[in-house]
Amino acid sequence: QVQLVESGGGLVQAGGSLRLSCVAPGLTLSTYPMAWFRQAPGKEREFVASINWPGDTTSYTDSVKDRFTISRDNAKNTVYLQMNSLKPEDTAVYYCNVDPKLPYSFGWGQGTQVTVSS
Numbered sequence: 368q369v370q371l372v373e374s375g376g377g378l379v380q381a382g383g384s385l386r387l388s389c390v391a392p393g394l395t396l397s398t399y400p401m402a403w404f405r406q407a408p409g410k411e412r413e414f415v416a417s418i419n420w421p422g423d424t425t426s427y428t429d430s431v432k433d434r435f436t437i438s439r440d441n442a443k444n445t446v447y448l449q450m451n452s453l454k455p456e457d458t459a460v461y462y463c464n465v466d467p468k469l470p471y472s473f474g475w476g477q478g479t480q481v482t483v484s485s
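Numbered per my numbering, the sequence shown spans residues 368 to 485.
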């Protein structure tokens with residue numbers, strides 16, 4: 368069973384930055400288009416950003432455009448989410464999984480908590 372492992376979250380003040388990482392031990396992530404999602408308290412999980420498998424095409428939800436950057440290092444089998452100019456409304460648990468355009472997904476990992484204080 369595929370296990371996605373997210374890390375890099377934490378507590379940061381508004382305007383700060385964090386970089387999240389996603390790995391999947393035992394799985395070659397480089398063959399999959401990947402995405403980041405987030406779930407805020409009391410809300411449904413939502414799409415944040417996606418990247419194709421070569422890493423040259425990305426997509427973002429409007430609320431994070433020009434602040435977040437998704438990238439990947441296929442040699443390290445890792446997907447990243449660089450988050451800059453963080454806002455309190457970015458507070459959520461962040462998860463990675465395959466691009467939601469695919470007809471399947473892996474089981475969800477534990478996620479990593481991002482808390483942005485005002």
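Even for Gly, the Cβ is constructed at its ideal location relative to N, Cα and C.
Could you check where the beta strand (DSSP E) with residue 405 kicks off and where it finishes?
Translated into positions along the sequence shown, residue 405 becomes position 38. Note, residue 405: beta strand (DSSP E), 401 to 406.
In or out: residue 400 buried (at least 16 other Cβ within 10 Å) or exposed?
In the sequence shown, residue 400 corresponds to position 33, counting from 1. By the 10 Å Cβ count, residue 400 comes out buried.
Hey, could you find the ends of the beta strand (DSSP E) residue 439 is sitting in?
In the sequence shown, the residue the question calls residue 439 occupies position 72. It spans 435 to 440 - the beta strand (DSSP E) in which residue 439 sits, taken as one unbroken run.
Euclidean distance between Cα positions of residue 431 and residue 460:
By 1-based counting over the sequence shown, the position of residue 431 is 64. By 1-based counting over the sequence shown, the position of residue 460 is 93. If you take the alpha carbons of residue 431 and residue 460, they lie about 15 angstroms apart.
Tell me whether residue 452 sits in a helix, a strand or coil according to DSSP, three-state version.
Within the sequence shown, numbered from 1, the residue matching residue 452 stands at position 85. Of the three classes helix, strand and coil, the one that applies to residue 452 here is coil, per DSSP.
Nearest residue (CA-CA) to residue 480, options 471, 457, 468
Counting from 1 along the sequence shown, the entry for residue 480 is found at position 113. Nearest C-alpha to residue 480: 457.
Grab the span of the beta strand (DSSP E) containing residue 398 for me, first residue to last.
Locating residue 398 in the sequence shown gives position 31, where the first residue counts as 1. Neither: residue 398 is in no beta strand (DSSP E) and is coded neither H nor E.
Per DSSP, what are the beta-bridge partners of residue 484 in this structure?
Position 117 of the sequence shown, counted from the start, is the residue given in the question as residue 484. According to DSSP, residue 484 bridges with 380.
Three-state secondary structure assigned by DSSP to residue 369:
Counting from 1 along the sequence shown, the entry for residue 369 is found at position 2. Looking at residue 369 - three-state DSSP - the assignment turns out to be coil, as it is neither helix nor strand.
Give the range of the beta strand (DSSP E) segment to which residue 413 is assigned.
The sequence position of residue 413 within the sequence shown is 46, counting from 1. 413 to 418 is the span of the beta strand (DSSP E), which, as asked, contains residue 413.
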